[in-house]
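Participant: Residue numbers (numbering that gives the first Met the number 0), protein chains in the order written: chain A, 0 to 676; chain B, 0 to 317; chain C, 0 to 214; chain D, 0 to 494. By construction, the Cβ of each residue, glycine as well, lies at the ideal position given by its N, Cα and C atoms.
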Amino acid sequence: MGSILAAGLTGAFAIRLVAIGVSLLLRGRPALCRFVSLAGSLVASAMTLRAALHVVRARGAVEGVLLHHAASGIEFGYQLTPLSAWFLLVLGVVAIPVTVYSAAYFTHAVSPRRTATVGMAFNSLLGAVELVFAAADVLTFLFAWELMTLATAILVATEHQERASRRAAYLYLVMSHVGTGCLVAGFFVVSAAAGSTSFATMFVGNLAEGSLRHALFALFFVGFGVKAGIVPLHVWLPEAHPAAPSSISALMSAVLVTAGVYGLVRVCAFGLGTPHVYWALACLLLGSVSAVLGVLYALTQTDIKRLLAYSTIENTGIIVLGLGAGMMAMAYGRGDLAAVAVAASLAHVLNHAAFKSLLFLGAGNVVAATGTRNIEELGGLLHRMPWTGLFFLTGAMAISGLPLLNGFVSEWLTFQALLFGFASTPGLMRLNFPLAGAMLALTTALAAACFVRAFGISFLARPRTRVADEAHEAPAIMLVPQAFLAVLCLALGLFPGAVLGAIGGSVVSLPGIQLQTSFARNPVSIVSGIPSFDYVVPALLGIAFAAALLVSWIVTTRQRFASRRAPTWGCGGELTASTEYTATAFSKPVMMIFRGVYRPTREVEALAEVSAYFPREVRYRARIEPTFERYVYGPIVRGVLKVAAGMKVLQAGSLHAYLAYVLLLTVALLLWLGGKT
Amino acid sequence: MSSPLFHAIGIALAAIVQVAAMLAVAPLLKTLIKKLKARLQNRQGPPLLQGYYDLAKLLRKEPVRSETASWIYVAGPRVYFAAALSATTLVPVWTASAPLESAGGILLLVGTLALGRFALATAALDTGSPFGGMGASRDMTIAALAEPALMLGLFTSALAAGSMNLGALVRGLVQQGPSYHPSDLLAFAGLLIIVVAETGRIPVDNPATHLELTMIHEAMVLEYAGPDLALVEWTAAVKELLYLTLLVDLFMPLGIATSLSPAALLISVVAWAAKVSMLAIVVTLIESMNAKLRLFRVPELVSTSLGLAFLALAIRFL
Amino acid sequence: MTNELLILCAAGMLVTAYLMVGQKALFTAIRLYGVQSLLLAIVGVTIAVADSRLELLVTAGLTVALKTILIPWFLMRVIDRIGIHREIEPFLNVPASLLVCVGLTVVGYRVSTGFPVAARGASHHLIGVALSMLLIGLFLMVTRKKAITQILALLTVENAVFLVAVGVTPGMPLIVELGISFDVILAVLILGVLVHRIVDRFESMDVSRLSKLKG
Amino acid sequence: MDLLLWTLAVPLITAAIGTVGGLRRLNDLILVAGLAITFALSLATAGQFLRGDVPAAFGDALRVDGLSALVLVLCAFVGVLSAAYGVGYLRRNESRGLVTWRMRREFYGLIPAYVFAMLLVATSNNLGILWIAVELTTLASVFLVTFHDRDTSLEAAWKFLVLGSLGLGFALLGTVLLFASGPSQLGEGMQALHWTRFIQVAPELHPFTLRLGVVFALIGYGTKAGLAPMHTWKPDAYREAPSPAGMLMGVGMVNAALYCILRIHLISKASLGPEFSGSLLLTLGLLSVLIATPFILVQWDLKRLLAYSSIEHVGIMAVGVGIGVEAGAFGALLHMTYHSLAKPVAFASAGTLAQLHSSSDFKRIGNGTFSRAPIASLLLVLAALMITGSPPFGMFFSEMTILKAGFASAHAKATSVFLAALVVLFCGFAFQIGRLVLGPSRDPSDRRVPFPERFDVGMATAIVAAIVAAVSAFYLPGPLMSLIRSATHVVWGGV
């Protein structure tokens, strides 16, 4: 079986390569080229998914060699551990619908000239991420990691005429490259200590001591954190996501960010021996900060894709939060409790992938139909795009962590993890958990507010612009993938046991984890570590809910009249689209309450003819300060460039200076040599 | 006929009875508070059955809906209603076990209530009336601010009792007997503030007003009329009753029936009525002795309760 | 007797180098270079006679022919054609320059102490002188602005190298020496050509003006 | 006559014919054919070496071991490319009437002469011959720098020649001192300066003299290789020289100079152990990478950018050798190979862009060249990816090998500095190439209309080079790989 799977995996990569080649040859004929690359990608994803599924079920690793780079003697080895299989599974579940969606979406989102390029990058991105998850050794990993970065950069820069997307691509490249630098250093230091570059022998346990160990953790945390989008390493994310075509944004959120998380789990949490308490604290802290800041920023965005991007940061935060709880438990030698926490973050990885890609695809439909990403220009789309609306609503409810949908499950587990952390850790340290819990609660509630706003403003009430008024529903081929994802969100919410069972397998494969009781007695229920403490059966509530819904229907429909339609009451005045509540207004209270975070700057100008009390129009501009860009990255970049510019005096064109360098070097070396020895 | 089926039927019956009872009592509580308040202001106040009259009337009225609205507008109140009802089945009221406690505990309860809020807020945006938006925005904001404090407060009791499942929790508290631990008081105070906020009472919201600038919950449902409005009002009442019951369960569970004997049940019902009406009086007193806060002062209030909850946790477990 | 002569010549070469540093008139500088090369040749001859290595005579002859006659003559012609006769103010004034040169000499001698005391006790003096001359020549290139002076300085460096080659080693293979000499003369010719072009273009021989290419 | 001698003779003959001049097309043909034959012969020579016998001439004054064979083949390869590309380059200039009779003769004469000098360097086993050959490369390239006969090219040439001659003076002193470190052991006549002889008697050489010699030789040949701080002539020369010549300087000359440095390093290694010259190489290499970084970040000229990148790559190879582990040496030679395959693409594409816009100044070229010269821009992007060591291209592997070796070696700290520099370098390159290639095409109001991109010999050469480089990333021919191995054996295992 293993060999067949190996063939499957190798085949998948082969197919991608062929697809790339053929699509490049067919660049002259966009339609055909698009078809080839996407079909190839679809098949490849399916094959990888199958392999992953097998490993998850069989709970045994599959490994082999993809390719031997003769010139450098480097071997590309792969190893499907249960953990990597889980991430591959997530990847496959998202990649397949997104690919199908792209088949229709690219026709208008990507100009024919660029089809070949985008197709190539699309395949390389997916292939690279698959390889990242499957890599068995450092060099394979770094190869795939770099390739992944480049492919994404190309996709982000597709519309390189716009300054924004050029900037986004560059920012992304630079940040991820710095991250990669950290990874290279970390990996090679560890591999030097281990005397081998294969993960299997490198990450068995504690290979470093004292401050070096902390330094290694820091290196890896930064390296993977950049990709995962942990605050304050997140700045590239909200720039890059909107710049790319929507289906690509879906992949970036669901897959690229996940790659970072994979690294965090594989190396930071379980690769460097028993995690140190401070590491766990760092994860808890930065996790909750990312969650809260992410959702707060999301709440004020009017560009729907930026909004979704920020909410990705939020969800990464939640994932890292769970991981941090797990590491804390590990640090105190409670492998059983760590299991819950890690399972929580792994579950959230899947759930986030599902609903975030669903939402991005929905956003894609909207952008395709209206040509704008600004929700202030939308409205009333539900009448025009009923299906898109329904699916987007499903996604919105899922991401808000409402029961019966999948978001709730993983957040429930995360809460459990935090409570256990509180119960299991001694002393003051334990107080971090309830704080983190409070942050998580705040995050969830704010997320609900954020997505009420996102859905309500763009899909409900009257259209605010002509484009919104003339919007049309997307074609079936774009809707079907969303339908699939929406059903997936519901299924994962109603049958959490099934998923948690699978995760259990991946979790126990991690070093130091003991899983006492399985998470699930049956497909519909989840039990946290100690059954008596808490369990949940969403489906049961679902039944009650359905019954109650029936009651409400009965109560209200036994009536003598049919419902009458009337215009909305406008205090005697007449209501137009312009009097509707705007997104900006909706988030105003939050903006005011958290002004310490936003540091908003507002300007209001009233244009009046007669008197200031009867303004003809009032212009309102509000922008929030890009804190990190301004206070963290700006100075760094300016500093580097300043130094670089300063260095220019070395090459000021004076031959005499150049000769002086040689003189100085010579004298220096002669002095170094000294005289009699 | 197999025993699991019996079991299922038993659960269903229990749930139905409890839900029905809560539905029946909720309007009374609402009017009771109104009446008490009126008395404190030396007014006559409405008759005790006013709540029922209102509901009956509204239910019989012709449903008028906005032209711009979509199905969301219709679904909103119903989901709100259904969520609250299914939430009630998770809470023990007269017996020391909730009918549907096998479905989940505190987190599920909070989640379910959030589901209802989400639905109503979304629906409020559907008419295109600025009031709806304003109400939705404010309601979601306040809920978001209240959430952490609510969770922390609940965690304190849950960790004390060693279970997040309300049924098990109450049983635990009952057999532990009354613990006069100071943390209980703090947690209670914290949660009380949250309940006030969640049920839209002064000083956070004013259920009586219809002034544009002060409305929160009212603004959100301003467009609703007839049966739709009836559902909303009724649900609000049930939610209020639910929150008070929750406080009762967590902090004064004494007297709740641990067996199904008629005597125990009787005592438990009476005790519950007494405790709930006592809480109602407290709420009324708060409402009559305070003025409504400005929206941007609410965070201060809520953070106070957050602080209380955290303090409770700290002194309880350190 | 031989040693004294060698050391004397070497010292003489060093002195010429110093004088070059102190010198501003181009003609004199060129003559100094000629003298220096002559001294180098004498060193060669002395050694040739002392331990009867006749191929060194060839080298010496070559040196005289090229460096004391041909190259100076060529440079003179260049100057005449251009008609510039004085070095402009260097980057560092003469006293300071001389001070630096003393320092460089110290460095050179310090290094030379590391050498084995060979059969001829003079060798480490020769090395010391050679290294000092090399550094001084380089220093001259750094401070002087006229193209010609830079060429002279370069040639001084060359002389220093040859001093080592002749005085310290028992003679490099002849072909190599010929090749080297040939290359040197070629280099000087090309440098001369470039100087011409530069002067045609910039109406000046001031190298410090050649600073358009930055960054 | 011997195969090796033919390899050297053919370019010389080509040069002779070229200088005489004649019909334009005939000259083109002769140039390309001559260098193609040279490449073929170099391959044959390498093959001869791989079959086990050691090609040599003039009593081992010329001798081909693994290292020589590798450098020989690489230099000859670049020779062909630059000839073929150069023909196209010259034609483009002719079509604008920019080419004088003088230029053509210089071009047809000097390019093969330059190649000849490099091959001589690569094959010489005698330190004296080595020095002469290096001097020849300098003399051959001076007039290529002044090719366009601008003020700036004069300036560049002057700096190039003065620094170069100084460096050669140093190198000569170094050679003399090496010889002086053990005249009695080395003996008389030509053999005395044979590298092989040095290795044989290495243990008996006088350490201090040797040290001094090594220092001077490294400074001297380092000047030619462009190791910091002797690198200063490079940007000027690269900018002024015509792109085909730039190609030769930036790849062939770099390899040749590194060859000299390695030979010296090996002598010192055999006699004094690896630390002495190793640490020197490490320091200078690191310095070069660090110096190149800021100038790439804030560069204003495309060709200068390439110059700094070649400084960087020399630094990388020096570091690879300097860290003193076998893997490092291997990485360095692998890097040399991939660099020689990839850099020509960069020079060709950059040269084309510069030619189309009649300037290599970023401001003059402007943004969005993709819309104006898609092929050249694409090639430039590919080349940039290759020379920044991005996967899936070859230098990723070589750089990773070096880094891995470095972190495993005793110089982990130095390696981490090196790594940091590489990261910044990538960012700099990404920025410069990005701003050049991407973006909206220049506004029609701009009067300096660039020439249209046409498909010609030069373009074809560039494309072929790119394909070769790309394929080589995953498939190097077996013989070439065994050349790299035996070169590693030379650099690590001595003779």
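State yes or no: is the beta carbon of residue 230 of chain D nearer than 8 angstroms to at least one beta carbon in chain C?
Facilitator: For the purposes of this step, residue 230 of chain D is identified with residue 231 of the fourth sequence, where counting begins at 1. It does not: the Cβ of residue 230 of chain D has no partner Cβ on chain C nearer than 8 angstroms.
Participant: To be precise: take each residue of the segment 156-167 of chain C, compare its Cβ to all Cβ atoms of chain D, and keep it if any distance is under 7 angstroms. Which residues remain?
Facilitator: Listed by position, the residues of the segment 156-167 of chain C near chain D (Cβ gap below 7 angstroms) are 156, 157, 160, 163, 164, 167.
Participant: Who are the near neighbours of residue 3 of chain C in its chain, counting only those whose CB is closer than 6 angstroms to its CB and skipping five residues on each side?
Facilitator: Position 4 of the third sequence, counted from the first residue, corresponds to residue 3 of chain C. Here the set comprises nothing.
Participant: Sorted by chain position, which residues of the same chain lie with C-beta nearer than 7 angstroms to residue 137 of chain B's C-beta, five sequence neighbours on each side aside?
Facilitator: By one-based count along the second sequence, residue 137 of chain B stands at place 138. Correct list, in chain order: 215, 294.
Participant: Can you give the Cα-Cα distance for residue 217 of chain D and residue 276 of chain D, rounded to whole angstroms?
Facilitator: Counted from its first residue, the fourth sequence places residue 217 of chain D at position 218. Counted from its first residue, the fourth sequence places residue 276 of chain D at position 277. Roughly 9 angstroms separates the two Cα atoms.
Participant: Once the 5 residues before and after residue 118 of chain C are set aside, which same chain residues still bring their CB inside 6 angstroms of it?
Facilitator: For the purposes of this step, residue 118 of chain C is identified with residue 119 of the third sequence, where counting begins at 1. Annotation note: pLDDT 48 at residue 118 of chain C (below 50); position unreliable, coordinate value reported separately. Closer than 6 angstroms at the Cβ level, and outside the excluded window around residue 118 of chain C, lies no residue.
Participant: Report the neighbours of residue 205 of chain C on chain D: residues whose CB is nearer than 7 angstroms to its CB, in chain order.
Facilitator: If you number the third sequence from 1, residue 205 of chain C lands on position 206. The premise fails here: residue 205 of chain C is roughly 12 angstroms from chain D at the closest Cβ pair, so nothing lies under 7 angstroms.
Participant: Using three-state DSSP, classify residue 94 of chain B as helix, strand or coil.
Facilitator: Numbered from 1 along the second sequence, position 95 holds the residue referred to as residue 94 of chain B. In this structure, residue 94 of chain B counts as strand in the three-state DSSP scheme.
Participant: Short of 8 angstroms in beta carbon distance, which residues of its chain neighbour residue 47 of chain B, apart from the five on each side in sequence? Order them along the chain.
Facilitator: Here residue 47 of chain B refers to the residue found at position 48 when the second sequence is read from its first residue. Within the same chain, residue 47 of chain B has close Cβ partners 27, 30, 31, 34.
Participant: Quick check on the DSSP output: what are the complete alpha helix (DSSP H) runs of length 4 or more inside the segment 428-470 of chain D, in order along the chain?
Facilitator: List check, alpha helix (DSSP H) in window: nothing returned.
Participant: Does the beta carbon of residue 645 of chain A come closer than 8 angstroms to any beta carbon on chain C?
Facilitator: In the first sequence, residue 645 of chain A corresponds to position 646, counting from 1. For residue 645 of chain A, the answer is no, since every Cβ of chain C falls outside 8 angstroms of its Cβ.
Participant: If you count every other CB in all the chains shown that lies within 10 Å of the CB of residue 347 of chain A, and 16 or more means buried, which is it?
Facilitator: Here residue 347 of chain A is taken as the residue at index 348 of the first sequence, counted from 1. Residue 347 of chain A is buried by the Cβ-count criterion.
Participant: Please look up how many angstroms separate the CB atoms of residue 108 of chain B and residue 86 of chain B, rounded, as I've assumed it's under 8 angstroms.
Facilitator: One-based indexing of the second sequence puts residue 108 of chain B at position 109. One-based indexing of the second sequence puts residue 86 of chain B at position 87. About 6 angstroms; that satisfies the 8 angstroms criterion.
Participant: Against chain D, which members of the segment 159-174 of chain A pass a CB distance test of less than 7 angstroms?
Facilitator: For the segment 159-174 of chain A, which is checked against every Cβ of chain D, the residues closer than 7 angstroms are 159, 160, 165, 169, 172, 173.
Participant: By the DSSP assignment, the beta strand (DSSP E) with residue 620 of chain A in it spans what residues?
Facilitator: In the first sequence, residue 620 of chain A corresponds to position 621, counting from 1. Looking at the DSSP string, the run of the beta strand (DSSP E) that includes residue 620 of chain A is 614-622.
Participant: Under three-state DSSP, which class holds residue 293 of chain B?
Facilitator: Counted from its first residue, the second sequence places residue 293 of chain B at position 294. In the structure shown, residue 293 of chain B sits in coil (DSSP, three-state: anything other than H, G, I, E or B).
Participant: Where residue 329 of chain D and residue 319 of chain D are concerned, what is the direct C-alpha to C-alpha distance, given to the nearest angstrom?
Facilitator: For the purposes of this step, residue 329 of chain D is taken as the residue at position 330 of the fourth sequence. For the purposes of this step, residue 319 of chain D is taken as the residue at position 320 of the fourth sequence. So the two alpha carbons sit approximately 8 angstroms from each other.
Participant: Counting only C-beta atoms, is residue 700 of chain A closer than 8 angstroms to chain D at any point?
Facilitator: The requested residue 700 of chain A does not occur in the structure, where chain A is confined to residues 0 to 676.
Participant: Report the neighbours of residue 197 of chain C on chain D: residues whose CB is nearer than 7 angstroms to its CB, in chain order.
Facilitator: On the third sequence, residue 197 of chain C is found 198 positions in, with the first residue counted as 1. Per Cβ cutoff of 7 angstroms: 153, 157.
Participant: Going straight from the alpha carbon of residue 356 of chain D to that of residue 365 of chain D, what length do you get?
Facilitator: Residue 356 of chain D sits at position 357 when you count from the first residue of the fourth sequence. Residue 365 of chain D sits at position 366 when you count from the first residue of the fourth sequence. Approximately 9 angstroms between the Cα atoms of the pair.
Participant: For the pair the segment 275-288 of chain A and the segment 324-340 of chain A, tell me if three or more CB-CB distances fall below 8 angstroms.
Facilitator: Contact holds: three or more Cβ-Cβ distances are below 8 angstroms.
Participant: Please give me, in chain order, every unbroken run of the beta strand (DSSP E) with length at least 3 that falls completely inside the segment 113-163 of chain C.
Facilitator: The segment 113-163 of chain C contains no whole beta strand (DSSP E) run of 3 or more residues.
Participant: Straight-line CA distance for residue 351 of chain A to residue 84 of chain B?
Facilitator: The sequence position of residue 351 of chain A within the first sequence is 352, counting from 1. The sequence position of residue 84 of chain B within the second sequence is 85, counting from 1. Distance between the alpha carbons of residue 351 of chain A and residue 84 of chain B: 29 angstroms.
Participant: Do we get a CB-CB distance below 8 angstroms when we pair residue 149 of chain C with the residues of chain D?
Facilitator: Translated into the one-based positions of the third sequence, residue 149 of chain C becomes position 150. Interface residue, yes.
Participant: Please work out which residues of its chain come closer than 7 angstroms, Cβ to Cβ, to residue 420 of chain D, disregarding the five sequence neighbours upstream and downstream, and give them in chain order.
Facilitator: To locate residue 420 of chain D, count along the fourth sequence from 1; it is residue 421. If we look at residue 420 of chain D and ignore the five residues flanking it on each side, its Cβ neighbours are 288, 289, 292.
Participant: How about residue 355 of chain A and residue 446 of chain A: are their beta carbons less than 8 angstroms apart?
Facilitator: Residue 355 of chain A sits at position 356 when you count from the first residue of the first sequence. Residue 446 of chain A sits at position 447 when you count from the first residue of the first sequence. No, the Cβ-Cβ distance between residue 355 of chain A and residue 446 of chain A is not below 8 angstroms.
Participant: Kindly indicate which three-state DSSP category residue 472 of chain A falls into: helix, strand or coil?
Facilitator: Residue 472 of chain A sits at position 473 when you count from the first residue of the first sequence. Reduced to three states, the DSSP call for residue 472 of chain A is coil.
Participant: Apart from the five residues just before and just after residue 0 of chain A, which ones in its own chain have a Cβ nearer than 6 angstroms to its Cβ?
Facilitator: Residue mapping note: residue 0 of chain A aligns to position 1 of the first sequence, counting from 1. The pLDDT assigned to residue 0 of chain A is 46, lower than 50, so where the model puts this residue is not dependable, and the model offers no usable value.
Participant: Looking at the structure shown, is residue 15 of chain B part of a helix, part of a strand, or coil, going by DSSP?
Facilitator: As a position in the second sequence, residue 15 of chain B is number 16, starting the count at 1. If DSSP states are grouped into helix, strand and coil, residue 15 of chain B belongs with the helices.
Participant: So, using beta-carbon positions, are residue 665 of chain A and residue 61 of chain C closer together than 8 angstroms?
Facilitator: In the first sequence, the residue the question calls residue 665 of chain A occupies position 666. In the third sequence, the residue the question calls residue 61 of chain C occupies position 62. For residue 665 of chain A and residue 61 of chain C, no; Cβs fall outside 8 angstroms.
Participant: Would you verify that the beta carbon of residue 208 of chain D is, or is not, closer than 8 angstroms to some beta carbon of chain A?
Facilitator: Taking the fourth sequence and counting its residues from 1, one reaches residue 208 of chain D at position 209. With 8 angstroms as the cut-off, residue 208 of chain D does not count as an interface residue toward chain A.
Participant: Quick one: which chain C residues come within Cβ less than 8 angstroms of residue 652 of chain A?
Facilitator: As a position in the first sequence, residue 652 of chain A is number 653, starting the count at 1. The contacting residues are 209, 210, 211, 212, 213.
Participant: Pick helix, strand or coil for residue 187 of chain D, following the three-state DSSP scheme.
Facilitator: Counting from 1 along the fourth sequence, the entry for residue 187 of chain D is found at position 188. Residue state, collapsed to three classes: coil.
Participant: Taking a contact to mean a Cβ-Cβ separation below 8 angstroms, would you say residue 344 of chain D touches residue 465 of chain D in this structure?
Facilitator: Working through the fourth sequence from its first residue, we reach residue 344 of chain D at position 345. Working through the fourth sequence from its first residue, we reach residue 465 of chain D at position 466. Their beta carbons are under 8 angstroms apart, which means residue 344 of chain D touches residue 465 of chain D by this criterion.
Participant: Give the DSSP-derived three-state secondary structure of residue 16 of chain D in the structure shown.
Facilitator: Within the fourth sequence, residue 16 of chain D is the residue found at index 17, counting from 1. Note: residue 16 of chain D maps to helix in three-state DSSP.
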